[in-house]
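Asks:
Number of protein chains: 2
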Amino acid sequence: MPSGSNLIGSKSSREGSITFRSFDPGNFRELPIEFFEATNEEIEQACQLADFAAKDLRFISKNKISQFLRSVKSELVSSKDEILSYYTLESGLSEERGNLEFARTTNLLEDYAEFISSPDFCVNEREVGEPTLVKTSFGIGPVVVFGASNFPLAYSTVGGDTVSAWVAQCPVIVKSHPMHAGTSELVGNAIQRAVKQSGMPEGIFSLVNGKSHQVGEKLVQHPLVRAVGFTGSHKGGRALFDLASKRKEPIPVFAEMGSVNPVILMDASPEKLVDQARKLSESISNDAGQFCTKPGIIFVPEQHLAFFYIELQNRLKEAPSFLMIHPEIQKRYMERVDEVAKANNGEQWRYRSSNHPLSAVISVTAVSMSKFQANLTFHEEVFGPHVLLVGYASENELTNTLKLLGGQLTISIFCSDFNKLKQMSFMSVIPGMAGRIILNGVPTGVRVCKASNHGGPYPASTDSRFTAVGFDSWKRFSREIAFQNFPMESTREMFNENPLG
Amino acid sequence: MPSGSNLIGSKSSREGSITFRSFDPGNFRELPIEFFEATNEEIEQACQLADFAAKDLRFISKNKISQFLRSVKSELVSSKDEILSYYTLESGLSEERGNLEFARTTNLLEDYAEFISSPDFCVNEREVGEPTLVKTSFGIGPVVVFGASNFPLAYSTVGGDTVSAWVAQCPVIVKSHPMHAGTSELVGNAIQRAVKQSGMPEGIFSLVNGKSHQVGEKLVQHPLVRAVGFTGSHKGGRALFDLASKRKEPIPVFAEMGSVNPVILMDASPEKLVDQARKLSESISNDAGQFCTKPGIIFVPEQHLAFFYIELQNRLKEAPSFLMIHPEIQKRYMERVDEVAKANNGEQWRYRSSNHPLSAVISVTAVSMSKFQANLTFHEEVFGPHVLLVGYASENELTNTLKLLGGQLTISIFCSDFNKLKQMSFMSVIPGMAGRIILNGVPTGVRVCKASNHGGPYPASTDSRFTAVGFDSWKRFSREIAFQNFPMESTREMFNENPLG
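Going down the list, the protein sequences come from chains A and B.
Its first residue numbered 1197, the first sequence is counted upward by one per residue in the working numbering.
Its first residue numbered 1197, the second sequence is counted upward by one per residue in the working numbering.
1) Looking at the C-beta of N1592(B), does it have a partner C-beta in chain A at a distance below 8 Å?
2) Please identify the residue among R1389(B), T1658(B), V1319(B) whose C-alpha is closest to the C-alpha of R1443(A).
3) Buried or exposed for K1513(B), please, with buried defined as at least 16 other CB atoms from any protein chain shown within 10 angstroms of its CB.
4) Can you grab the Cα-Cα spacing for the pair R1322(B) / I1633(A), in whole Å?
5) With 9 Å as the limit, tell me which residues of the region 1660-1682 of chain A have their beta carbon closer than that to any beta carbon of chain B; keep them in chain order.
6) One question on the structure: do N1346(B) and F1487(B) come within less than 8 Å of each other, judged by their Cβ atoms?
7) At a CB-CB cut-off below 7 Å, which residues of chain B make contact with F1334(A)?
8) Around the C-beta of A1473(B), are 16 or more other C-beta atoms found within 10 angstroms, so that it is buried, or is it exposed?
9) Against chain B, does I1634(A) count as a neighbour if the rule is that its beta carbon must be under 8 Å from one of theirs?
10) Taking Cβ positions, are H1430(B) and M1453(B) nearer each other than 8 Å?
11) Would you decide whether R1511(A) is buried or exposed? Buried here means 16 or more other CB atoms lie within 10 Å of its CB.
12) Do you know how far the Cα of P1446(B) is from the Cα of A1638(A)?
13) Along chain C, which residues have their Cβ under 9 Å away from the Cβ of G1631(B)?
14) Please work out which residues of its chain come closer than 8 Å, Cβ to Cβ, to R1210(A), disregarding the five sequence neighbours upstream and downstream, and give them in chain order.
15) What residues from chain A crowd round Y1654(B), counting only those whose CB sits closer than 7 Å?
16) Look at the alpha carbon of S1700(A) and the alpha carbon of G1580(A), and state the distance between them as a whole number of angstroms.
17) What are the complete beta strand (DSSP E) segments, minimum 3 residues, inside the region 1611-1686 of chain B?
18) For G1205(A), name the three-state secondary structure that DSSP assigns.
19) Give the DSSP-derived three-state secondary structure of P1198(B) in the structure shown.
20) Using a Cβ cut-off of 7 Å, pull out every chain A residue sitting near N1649(B), in sequence order please.
21) Please list, in chain order, the residues of the region 1591-1611 of chain B that have any C-beta partner in chain A closer than 9 Å.
22) Which residues mark the beginning and the end of the beta strand (DSSP E) in which A1537(A) is found?
23) Is F1255(B) helix, strand or coil when you go by DSSP?
24) Using CA atoms only, rank isn't needed, just tell me which of H1376(A), N1636(A), P1655(A) is closest to M1139(A).
25) Once DSSP output is grouped into helix, strand and coil, what is the label at R1210(A)?
26) In three-state terms, what does DSSP make of S1555(B)?
27) Does DSSP classify Q1486(B) as helix, strand or coil?
28) Under 9 Å between beta-carbons, which chain A residues line up against R1528(B)? List them in chain order, please.
29) What residue from S1479(B), F1662(B), F1667(B), V1456(B) has the CA that sits closest to P1448(B)'s CA?
30) In chain order, what are the residue ranges of uninterrupted beta strand (DSSP E) at least 3 long that sit wholly in the region 1416-1454 of chain B?
31) Would T1658(A) pass as an interface residue toward chain B - the criterion being a Cβ-Cβ separation below 8 Å?
32) If we count the other Cβ atoms within 10 Å of its Cβ and call it buried at 16 or more, is D1534(B) buried or exposed?
33) Could one say the Cβ of F1700(B) lies closer than 8 Å to chain A's Cβ atoms, at least one of them?
34) When you compare only the Cα positions, how much space is there between M1620(A) and F1568(A)?
35) Going along chain A, which residues have a C-beta under 9 Å from G1337(B)?
36) Give a yes or no on contact between the region 1342-1356 of chain A and the region 1295-1306 of chain A, applying the rule of three or more CB pairs nearer than 8 Å.
Here's what the structure looks like:
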């Protein structure tokens, strides 16, 4: 069971007086454990330990980092039952989803452990001559990672941000998401054991709690912190970006802030549309649509809009019942759904398959192109199981409408005639708009590999030049140093095999 | 001869009413040509043309970009005499330096042309499976480049920033440096001819003039501009960074803002010290020390400080006479030199080898470690031929003092015993401080290759994760897109051979 403590290096610590509790969605009640918000002193200690560890980590070999990642994996596995039972308790997500997310997390650790000890992981450039230069990667320094509300494992305490920062040889201070602080602590305990076993400097990992914004703000403003990873709302991500940019020494913030993930349907045949409605309904409703890559807007040929609208409703009614993760998320979702309905003169389809107070209200809003173009509320994300259908009359109308949208994580196109697709004028627009472009598939489900890209032009992320998912995500937390005229053998010895190996 | 026009795409344009003139340092007079500050309309046109070109450039092959770079080179060569004569006129830099800088520029174009058509230039990742992903690089969009005062060719109109943005397939709008707007225009004319000959979209290059800050500010705030490259002062770079961060859609600014480039001397033998004084005196005085990599602080073992101080003076007195580039730069230099002298109770060595009003006053200030530690004015750059000597009593004192300094472009160490160096405690500090670490060499002279790194922790640059010099510098202006389940052959055809080749 969690104790409600902050984890500062190798210690548990609860010095503060402000406490909060997490919530059990399934039983719609607060959980008994009190979590202690980190004090200024605890934050200071975590930052000092991280700064100290950052220096040590520069001289640690990739093989040792590999061993550490595997040790974290094995400690997670040994606590799997405890972690997963608290995960389902605090999130209301199913055991099945918990198992998937757990596997995603341990796979990430294993895949990265393998990747960084392989020759593919080339971090050196060497140019002999006058002068001889060797360029090599170093960690940027202490990284603050904010746990995501919707992924208590895979994008939280030991998710993509934390693991990629470790791969870059940076220490990490995790700010736990208050909605699943208990899951975070249990995961954190496993990490603490792995740190000890692998002989890593204790400052490589700390975990601090906070329900107020103050803890996060203090971390982002702390002079020893060198970078930030965040997954969440636009409001939250932008606030952290602004804080970091105003520092005396500005630091990079990679914030992945969600997206409406436009989907374009181009096929006319009813069989295709039926199949697409099925695929998209699953992508919209699964885990109550609480994904940054959930399809938010579907552009449908005008003459098929009515058919697709009904077909989609039929499929969504067959979806299993899912809970929203927290009453706060449910509240914000319903506010947005109401806003969208209001902008459409109240016209909106809603469906709720259970009477559980957190049961997700699935909803679909069909709007005309002119209404869509005129009202910005339609262009913004609705986080949860809502989708907007927009009919389009012509290719040009669609192209011009896409130009009105901001940056996106993904754009999906369903089109069975690739030669036709190539001729579409919007194909010159979408590369400027999105980080991933999908043909005949749904945007949910992000593969973790070397070719992954998860990010996109603002406001999908704060920096479209980096990815939050996949093997390249470590580059967010890495800088390079050129060594000029250094003797190779001795330098290798000095910096261990890592930097100059 | 320059006409004083802005170059907006393929046109020359001078619609404004505000004008300024550049200066002839050699004859200490204003030059007759009036340069027209770009109007809001001209800026708008340049941005619109660039946005249009950005879309086209996504579908242009690397081979065509290669051809374009070679065409720019050949047009520069055909105007070489005209460009170089205006270069020496406007900058006061020697013909020899002009030839070096010209060669650096044409080599850059040639090297990049070769690099991007070689297999080394890998911009694709492909991962077959479920789903198949191909990740490929695209230009981030229109890039604004600010010409640097101290490099009228190699870091201005067609310098490292512009060429690397083109390599990333981005259009460029150059804001000419007002001190050499004429050289910029002549270079710009050559580029315009190359654009036409290569069949590039005209918006791939525009050049706007402005002596006030307003032109640059408008460019950085323009919604169609997607990134900024800047080389210059901390004040200027930070102002642009702040403007860009406050935008509705923030954009990346890579500002290289100079550095004090600490040098550490460790050898005791007089012969070594004499040799080091010779090397460093050239690095300090060459072209009046107007380089971002000029050595600004030399840490000398306390017992050798007096000897080295005298030896350095003797060498500096033998240096050729150089002019400051502009009265403004001279004024700011003398103000800083006075500040440093004042902080040292007036004690400072100065030397001037000519009576020319812009002749550089070389100066050396020797300060005690305690004074150095206590006064921040000693920690900041003096742009021009000044160097600070600081005596150190012990390794620990040096290590602790280095920790007080901000991020640096370079740190140089003169030490003939590498085994001794490896044991030094400051070797754990300097990797966190600098972008390039040099053994037994001076920091001036930046090699352009794959292993180059020119940047560093703030305030050396605004983003230590990127380099302003070398083949990797294009990454500042590039983002990636993952294509999911696209048929390879057809996509290759659609996006030409570049993105998916």
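From the three backbone atoms N, C-alpha and C, an ideal C-beta is built for every residue, glycine too.
Note that the structure is predicted; figures quoted are calculated from it, not measured.
Replies: On the basis of the data shown:
1) Taking the first residue of the second sequence as position 1, residue 1592(B) is located at position 396. No, because no Cβ of chain A sits closer than 8 Å to the Cβ of N1592(B).
2) Along the first sequence, one-based indexing puts residue 1443(A) at 247. Of the candidates R1389(B), T1658(B), V1319(B), the one whose C-alpha sits nearest the C-alpha of R1443(A) is T1658(B).
3) As a working mapping, residue 1513(B) is identified with position 317 in the second sequence. So K1513(B) ends up on the exposed side.
4) Walking along the second sequence from the start, residue 1322(B) turns up at place 126. Walking along the first sequence from the start, residue 1633(A) turns up at place 437. If you take the alpha carbons of R1322(B) and I1633(A), they lie about 14 Å apart.
5) S1660, R1661, F1662, T1663, G1666, F1667, D1668, K1671, R1672, F1673, S1674, R1675, E1676, I1677, A1678, F1679, Q1680, N1681, F1682
6) Residue numbering aside, residue 1346(B) sits at position 150 when the second sequence is read from its first letter. Residue numbering aside, residue 1487(B) sits at position 291 when the second sequence is read from its first letter. For N1346(B) and F1487(B), yes; Cβs fall inside 8 Å.
7) Walking along the first sequence from the start, residue 1334(A) turns up at place 138. Near F1334(A) (Cβ distances below 7 Å), the residues of chain B are P1627.
8) Taking the second sequence and counting its residues from 1, one reaches residue 1473(B) at position 277. Buried: at least 16 other Cβ atoms inside 10 Å.
9) Position 438 of the first sequence, counting from 1, holds the residue named residue 1634(A). Yes, contact with chain B.
10) Here residue 1430(B) corresponds to residue number 234 of the second sequence, with the count starting at 1. Here residue 1453(B) corresponds to residue number 257 of the second sequence, with the count starting at 1. Yes.
11) In the first sequence, the residue the question calls residue 1511(A) occupies position 315. So R1511(A) counts as buried.
12) Within the first sequence, numbered from 1, the residue matching residue 1638(A) stands at position 442. Within the second sequence, numbered from 1, the residue matching residue 1446(B) stands at position 250. Sequence check: residue 1638(A) is Val here, not Ala. Going from the Cα of V1638(A) to the Cα of P1446(B) covers about 29 Å.
13) Annotation note: the requested chain C is absent from the structure, which comprises protein chains A and B.
14) On the first sequence, residue 1210(A) is found 14 positions in, with the first residue counted as 1. Excluding positions up to five away in sequence, the list reads S1199, G1200, S1201, N1202, F1232.
15) Locating residue 1654(B) in the second sequence gives position 458, where the first residue counts as 1. What Y1654(B) touches in chain A: E1445, P1446.
16) This structure gives no information on residue 1700(A), because the portion of chain A shown stretches from 1197 to 1697.
17) 1630-1635, 1674-1680
18) On the first sequence, residue 1205(A) is found 9 positions in, with the first residue counted as 1. DSSP places G1205(A) in coil when its eight states are reduced to three.
19) Taking the second sequence and counting its residues from 1, the one referred to as residue 1198(B) is at position 2. Residue state, collapsed to three classes: coil.
20) Taking the second sequence and counting its residues from 1, the one referred to as residue 1649(B) is at position 453. By Cβ distance, chain A contributes K1331, E1676, I1677, A1678.
21) G1602, G1603, T1606, S1608
22) Here residue 1537(A) refers to the residue found at position 341 of the first sequence. A1537(A) -> not in any beta strand (DSSP E); alpha helix (DSSP H) instead, spanning 1523-1539.
23) On the second sequence, position 59 is the one that residue 1255(B) refers to. F1255(B) falls in the coil class under three-state DSSP.
24) Nothing about residue 1139(A) can be reported from this structure: the residues present for chain A run from 1197 to 1697 only.
25) Within the first sequence, numbered from 1, the residue matching residue 1210(A) stands at position 14. R1210(A) falls in the coil class under three-state DSSP.
26) Residue mapping note: residue 1555(B) aligns to position 359 of the second sequence, counting from 1. The answer is strand: DSSP assigns S1555(B) an E or B state.
27) Taking the first residue of the second sequence as 1, we reach residue 1486(B) at position 290. Reduced to three states, the DSSP call for Q1486(B) is coil.
28) Taking the second sequence and counting its residues from 1, the one referred to as residue 1528(B) is at position 332. Near R1528(B) there are no residues of chain A at all, since even the closest Cβ is about 22 Å away, more than 9 Å.
29) As a position in the second sequence, residue 1448(B) is number 252, starting the count at 1. For P1448(B), the nearest C-alpha among the options comes from F1662(B).
30) 1423-1427, 1449-1452
31) Reading the first sequence from its first residue, position 462 is the one you call residue 1658(A). Interface residue, yes.
32) Looking up residue 1534(B) in the second sequence gives position 338. Exposed: under 16 other Cβ atoms inside 10 Å.
33) The structure shown has nothing for residue 1700(B), since chain B only spans 1197 to 1697.
34) Taking the first residue of the first sequence as 1, we reach residue 1620(A) at position 424. Taking the first residue of the first sequence as 1, we reach residue 1568(A) at position 372. Straight-line Cα distance between these residues: approximately 21 Å.
35) Within the second sequence, the letter at position 141 stands for residue 1337(B). Ordered by position in chain A, the residues that pass the 9 Å Cβ test against G1337(B) are G1628, P1653.
36) yes
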